[in-house]
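In the working numbering, the protein residues as written are 515 to 647.
Built from N, CA and C at the ideal position, the CB exists for glycine as well.
All figures in this text were calculated on a predicted structure; none of them were measured in a lab.
Here is the structure we will look at, set down as structure tokens.
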Amino acid sequence: MSVIEWKKKYEIGHSRIDFEHQIFVDLIAKIYDAAKEGKDKEYLQRLLYELNKYVEFHFVSEENIMYSINYPEYETHKHHHEKLLEIYNQKSMEIELGEQTIDDFLTFLLDWFVSHTIIEDKKIATYLKGKII
Ligand SMILES: [Fe+2]
515 MSVIEWKKKY EIGHSRIDFE HQIFVDLIAK IYDAAKEGKD KEYLQRLLYE LNKYVEFHFV
575 SEENIMYSIN YPEYETHKHH HEKLLEIYNQ KSMEIELGEQ TIDDFLTFLL DWFVSHTIIE
635 DKKIATYLKG KII
């Protein structure tokens, strides 16, 4: 079993977002394991590309959810996503150039995921619950 796995504490209480987050963590774990097992560079690059596309998809998905519920912090949240994508692309480039290790990159992604999810994404679910009651 990978050391990186989905944890109950990551749940924000929105089934669609939680589901997408699980896949995100799963992809990170897959890359981590592949790197540990010494899989070839080509395969690792393919997985990183998959993760890149998935992150882009997930952000659009989350932004559309926020948009559809008139979420008041939509712009701020979208800005967080844009900033992350910027850093993400920068770090991917550094990996290509050999200036950054996959381990460091995954640690960065996981740290970011945990803090962003627990603070920012959680607010979406809390806002929705407030609306329903
Ligand atoms: Fe988010």
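Return the chain-ordered list of same chain residues with a C-beta closer than 8 angstroms to the C-beta of residue i, the five sequence neighbours on each side being excluded.
i, result
"Glu-519", "Val-539 and Ala-543"
Near residue i, what residues of its chain come up, given a Cβ to Cβ distance below 7 angstroms and the 5 sequence neighbours on each side ignored?
i, result
"Lys-592", "Glu-577"
"Ser-516", "Ala-543, Tyr-546 and Asp-547"
"Ser-606", "Leu-562 and Asn-566"
Terminal residues of the continuous alpha helix (DSSP H) containing residue i?
i, result
"Trp-626", "616 to 630"
Within its chain, find whatever has a CB closer than 6 angstroms to the CB of residue i; leave out the 5 residues flanking it on each side and keep chain order.
i, result
"Asn-566", "none"
Please find out if some non-hydrogen atom of ligand 1 comes closer than 7 angstroms to the beta-carbon of residue i.
i, result
"Asp-635", "yes"
"His-595", "yes"
Beta carbon of residue i, beta carbon of residue j: below 8 angstroms?
i, j, result
"Ile-531", "Ile-579", "yes"
"Leu-674", "Ile-601", "Residue 674 cannot be examined here, being either before or after the span of the chain that is shown, 515 to 647."
"His-630", "His-594", "yes"
"His-528", "Ile-638", "yes"
"Ala-549", "Ile-616", "yes"
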